[in-house]
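Novice:
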Amino acid sequence: MAAAAAAARGVPKRSEVLWLFRSLLRTARQFSDYNIREYTKRRTIDGFRLNRTLSDPDSITSAFSDGKAQLEVAKRQSIIYSLYTPKVKSIMELKS
Amino acid sequence: MAAVGSALLKHLRLRVQVQAVPRNPSYALSFSAIRRRFFSEDVRGSFLDKSEVADRVISVVKNFQKVTPNANFQSDLGLDSLDTVEIVMALEEEFGFEIPDNEADKINSINLAVDFIASHPQAK
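Encoded structure:
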């Protein structure tokens, strides 16, 4: 992946950060559990917003690699959770 | 709290038997409190329901001039690139199809979003 290789070299560019943001949100969508899905979306949005004003290259790079590690965790967990979906959906997903 | 509850219960029982203003002055406050809460309309009717107010405020804000069909997310609506990505994701969910990353980066205004989605055969 071009973005992953570029990030390994140095400070991630804006397009790479946006790629990470979008991948995290897409992975969040794949969770079958309502609570985890909403939490992942909320956490990525809050996390990216908190770090929006970072200017130090080291902190930017470490935040980016933290984000990539979390993306890997989320991808694995979405597969595992989908193996054990409960039959009953959360009340928030029922159309009222 | 329990004392108030038992006082209320005792008082209610008294009312059934006596059918008059209670003679015991220590219960007078709770009786008038009950009357104010359940029987008087002027205390309840002066405030609007909060959810109704919220709906009306939101619809007024939505009609605000800035949100036009030509509005650019970043220059007119003051959103940053994270907000733009969020909006594109919400559009993907609304219309039920995936927008590839390179196309999604180009969607910077309402017009572009409308054109892109209208020209995509998989939009539901």
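Protein chains in written order, with the working numbering: chain F, 1 to 96; chain R, 1 to 124. The beta carbon of each residue, even a glycine, is placed where N, CA and C say it ideally should be.
#1: Looking at chain R, which residues of the region 13–39 of chain F have a Cβ within less than 8 Å of any of its Cβ atoms?
#2: Residue range of the alpha helix (DSSP H) that Thr27 of chain F falls in?
#3: Between Val85 of chain R and Leu18 of chain F, what straight-line distance do the alpha-carbon atoms span, to the nearest angstrom?
#4: If you follow the alpha helix (DSSP H) that Arg37 of chain F is part of, which residue opens it and which one closes it?
#5: At least one CB of chain R closer than 8 Å to the CB of Phe48 of chain F: is that the case?
#6: Can you find a C-beta in chain R that's less than 8 Å from the C-beta of Ile45 of chain F?
#7: With H, G and I counted as helix, E and B as strand and the rest as coil, what does DSSP make of Asn102 of chain R?
#8: Provide the residue(s) that pair with Ser51 of chain R in DSSP beta bridges, ordered along the chain.
#9: Quick one: what's got a C-beta closer than 6 Å to Ser82 of chain F's C-beta in the same chain, skipping five residues either side?
#10: Could you compute how far the alpha carbon of Met45 of chain F sits from the alpha carbon of Asp49 of chain R?
#11: Which residue marks the beginning of the alpha helix (DSSP H) containing Leu148 of chain R, and which one marks its end?
#12: Measure from the C-beta of Val57 of chain R to each C-beta in chain F and report whether the shortest distance is under 8 Å.
#13: To the nearest angstrom, how far is it from the Cα of Val57 of chain R to the Cα of Gln30 of chain F?
#14: According to DSSP, simplified to helix, strand and coil, what is Ser90 of chain F?
#15: Using the beta-carbon count (16 or more within 10 Å), is Ala90 of chain R buried or exposed?
#16: What is the DSSP secondary structure of Asn72 of chain R, counted as helix, strand or coil?
#17: At what residues does the alpha helix (DSSP H) containing Lys75 of chain F begin and finish?
#18: Just to confirm, are Asn108 of chain R and Asn70 of chain R a CB contact at a threshold of 8 Å?
#19: Could you tell me if Ser46 of chain R is buried or exposed, where buried requires 16 or more neighbouring beta carbons within 10 angstroms of its beta carbon?
#20: Per DSSP, what kind of secondary structure is Ser109 of chain R in: helix, strand or coil?
Specialist: Let me spell this out:
#1: Arg14, Ser15, Leu18, Trp19, Phe21, Arg22, Leu25, Arg26, Arg29
#2: 14–29
#3: 8 Å
#4: 34–50
#5: yes
#6: yes
#7: helix
#8: According to DSSP, which records beta bridges pairwise, Ser51 of chain R is partnered with nothing at all.
#9: Ser32
#10: According to the sequence as given, residue 45 of chain F is Ile; it is not Met. When rounded, the distance between both Cα atoms is 32 Å.
#11: In the structure as shown, chain R starts at 1 and stops at 124, and residue 148 of chain R therefore has no counterpart that could be examined.
#12: no
#13: 34 Å
#14: coil
#15: exposed
#16: strand
#17: 57–83
#18: no
#19: exposed
#20: strand
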